[in-house]
Each structure stands twice: as C-alpha cells, then as structure tokens.
Amino acid sequence: MATINYRLADGTDQIVDVPEGWTLMEGAIKNGLRGILADCGGACACATCQVVIPQDWLARLTPAAADETEMMEFAADPQPGSRLSCQIPVGAAMDGMVVQLPKTQLL
Ligand code: FES
Numbered sequence: 000m001a002t003i004n005y006r007l008a009d010g011t012d013q014i015v016d017v018p019e020g021w022t023l024m025e026g027a028i029k030n031g032l033r034g035i036l037a038d039c040g041g042a043c044a045c046a047t048c049q050v051v052i053p054q055d056w057l058a059r060l061t062p063a064a065a066d067e068t069e070m071m072e073f074a075a076d077p078q079p080g081s082r083l084s085c086q087i088p089v090g091a092a093m094d095g096m097v098v099q100l101p102k103t104q105l106l
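Each residue of the sequence shown is one higher than the one before, starting from 0 at the first, in numbering that gives the first Met the number 0.
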C-alpha cells in the first residue's frame, strides 16, 4: 500500500491509499478522481491518463519504456515530468508521492 497525493487540476489534494500492484491510473479511476480518462483501459494506446510527476519523484521511478514514450507524443500539452499513469505500477517506495492531474483531461 502507498499513500498517493493526487493533486487535481483545481489545486485541491486528494490523498488516496493505493494497493501495491495497481497502477497510478487505477488508483485515480477506482477512487473516482476527475482528470484521468484512461480511454484504452491501461493498454498504453490512448495517452488520456497523463499525469505530471515532480522531478524528485520522477527520478525514483523506472524510466518510461519505448511504447510509453511513443504514446506520449499523442498526449495533450505534455509537461516536463509527464508520464502515462497506466504504465506506473504503485509500490511501497512511492508512499507520499505527489501526482499532478492535468486540466486537459477534464470532461
Ligand atoms: S489508459 Fe490509455 S494510455 Fe494509459
């Protein structure tokens, strides 16, 4: 389990306990957080699960694989630190991570 602080597009924080093995995308979707669409269900085929990871946390994650990097080219307004949340499995070492949800994925 890791406690993840999802920072919503309006600046409010939603602090959620996410089980290990879920992805950051699943942690957001299964808790009803706005700002993640995840149209492809986690297949790395839509880029609508973009999140922005602060640099200090980004350095602790496994770098993006080639398919994630390629799909990021289709993400709306990517920022430094942007990743696809469906490609980031949650582990205990991520406890306390801050994850920014972009405005571009609000319905
Ligand atoms: S949910 Fe589609 S790329 Fe992540």
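Note that beta-carbon positions come from the ideal geometry of N, C-alpha and C, so glycine has one too.
Keep in mind it's a predicted model, so treat the numbers as computed, not measured.
| Item | Value |
| --- | --- |
| Near the ligand FES: residue 38 beta-carbon under 7 Å from a heavy atom | yes |
| Closer than 7 Å: residue 42 CB and nearest the ligand FES heavy atom | yes |
| Closest by C-alpha distance to residue 58, when choosing among 13, 102, 87 | 87 |
| N-terminal and C-terminal residue of the beta strand (DSSP E) that residue 1 is part of | 1-6 |
| At least 3 beta-carbon pairs within less than 8 Å: the region 24-41 vs the region 96-103 | yes |
| Residues of its chain near residue 63, where Cβ-Cβ distance is below 8 Å and the 5 sequence neighbours each way are ignored | 71, 82, 83, 86 |
| First and last residue of the uninterrupted alpha helix (DSSP H) at residue 54 | 54-57 |
| Beta-bridge pairing of residue 16 - partner residues as DSSP gives them | 2 |
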